[in-house]
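Take a look at the structure set out below.
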Amino acid sequence: MSILEQICADKRVEVAARKEIQTLGDLQARLPAIEKRPDFVKALRATPMGLIAEVKRRSPSAGLIRDPFDPAAIAQGYEANGASAVSCLMDHKYFGGGDDDFCAVRGAVGIPMLYKEFVVDSWQIAHAKTMGASAVLLIVGALTDKELVSFIAEIKALELQPLVEVHDREEMLRAIDAGTDCIGINNRNLKTFVTTLDTTFELAVMAPAGCTLVSESGIKTPEDVVELKLAGAHAILVGESLLREPAPGEAAAHLLSLI
Ligand SMILES: O=P(O)(O)OC[C@@H](O)[C@@H](O)c1c[nH]c2ccccc12
Numbered sequence: 001m002s003i004l005e006q007i008c009a010d011k012r013v014e015v016a017a018r019k020e021i022q023t024l025g026d027l028q029a030r031l032p033a034i035e036k037r038p039d040f041v042k043a044l045r046a047t048p049m050g051l052i053a054e055v056k057r058r059s060p061s062a063g064l065i066r067d068p069f070d071p072a073a074i075a076q077g078y079e080a081n082g083a084s085a086v087s088c089l090m091d092h093k094y095f096g097g098g099d100d101d102f103c104a105v106r107g108a109v110g111i112p113m114l115y116k117e118f119v120v121d122s123w124q125i126a127h128a129k130t131m132g133a134s135a136v137l138l139i140v141g142a143l144t145d146k147e148l149v150s151f152i153a154e155i156k157a158l159e160l161q162p163l164v165e166v167h168d169r170e171e172m173l174r175a176i177d178a179g180t181d182c183i184g185i186n187n188r189n190l191k192t193f194v195t196t197l198d199t200t201f202e203l204a205v206m207a208p209a210g211c212t213l214v215s216e217s218g219i220k221t222p223e224d225v226v227e228l229k230l231a232g233a234h235a236i237l238v239g240e241s242l243l244r245e246p247a248p249g250e251a252a253a254h255l256l257s258l259i
């Protein structure tokens, strides 16, 4: 079993248990009272290169990334230094994240937030809305075509925006067929962890006109960002290289310094 399959199998068990405590109906009952959140895609397109800065403690590929870890302070640093949005890991078992981190960040910044999760169930989409997310990640490699189409529709129906993640040509074609206007190209292969910006260089040309294109993972230098912009990326999603610096916010400003 690949790590992606393993994480998704665990996630199904986790969501089933959470649904017993807080049902989908419980979440849905709260939706009318949830205030509208800022537009994620608009924020990404408002600057020459959008930055989705990530809050994550650890990952299966990198191990422990940052300790001690103060999600609210990190996110404030990102916002003060020009980040367009914050991505917050929701998975605890593999990434050390979860609801507490999301709430802490949500209370600390005004920019849009991405619910960074392995979505396998509609419950998670309603949960993202109640938490105050603006956008929800959908990983094409973890979903059937039918799931992809229905999750995109559910996300839009709640006035959230999907970031549809692909890693190869086949997944890119599936994302386009499903009809999304915001595609994330993950430079990291979630099966092998091999990470190369060549993934973006290869796939960016396939993106339909008008589609917002995000390059994700393994982005480290201002020169990387220039190359990604030339390749057609409108935004970048960056975690590890910022989080390993003493001041992640300042590192974010430096990363954008050549744009
Ligand atoms: O820390 P990095 O290499 O800058 O990558 C950030 C982000 O792209 C990565 O965390 C990510 C991209 N897609 C995911 C899906 C699930 C979990 C994590 C991810």
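All residue numbers for the sequence shown refer to UniProt numbering, where the first residue is 1 and numbers rise by one. The C-beta atom is built at its ideal place from N, Cα and C for all residues, glycine as well.
- For ligand 1, no non-hydrogen atom lies closer than 7 angstroms to the CB of I176.
- Collapsing the DSSP output to three states places T199 in a helix.
- Under DSSP, the beta-bridge partners assigned to Q161 are A135.
- With a threshold of 7 angstroms, the Cβ atom of S217 counts as near ligand 1, since some heavy atom of the ligand is closer than that.
- The residues E165, H167, E216 and S217, in chain order, have a CB closer than 6 angstroms to that of N186 in the same chain once the five nearest residues on each side in sequence are set aside.
- Apart from sequence neighbours up to five positions away, the residues of its chain that approach N189 with a beta-carbon distance below 7 angstroms are H167, ordered along the chain.
- Taking C-alpha positions only, L203 is separated from H234 by approximately 14 angstroms.
- Remark: the C-beta of I3 is outside contact range of ligand 1, defined as less than 7 angstroms to any heavy atom.
- Look at the beta carbons and you see the segment 230 to 248 touching the segment 49 to 65: at least three pairs across the two are nearer than 8 angstroms.
- Three or more beta-carbon pairs separated by less than 8 angstroms are not found between the segment 19 to 38 and the segment 59 to 75, which leaves the two stretches without contact.
- Proximity to M172 across V194, L148, T192 and P248 peaks at L148, based on C-alpha coordinates.
- Fewer than three Cβ pairs drawn from the segment 107 to 116 and the segment 4 to 19 lie within less than 8 angstroms of each other, which leaves the two stretches out of contact.
- No Cβ-Cβ contact shorter than 8 angstroms links D198 with R174.
- Nearest to V194 by alpha-carbon distance, out of T23, R57, S61 and A253, is S61.
- Judged by DSSP in its simplified three-state form, I236 adopts strand.
- V13 sits in a helix when the DSSP states are folded into three classes.
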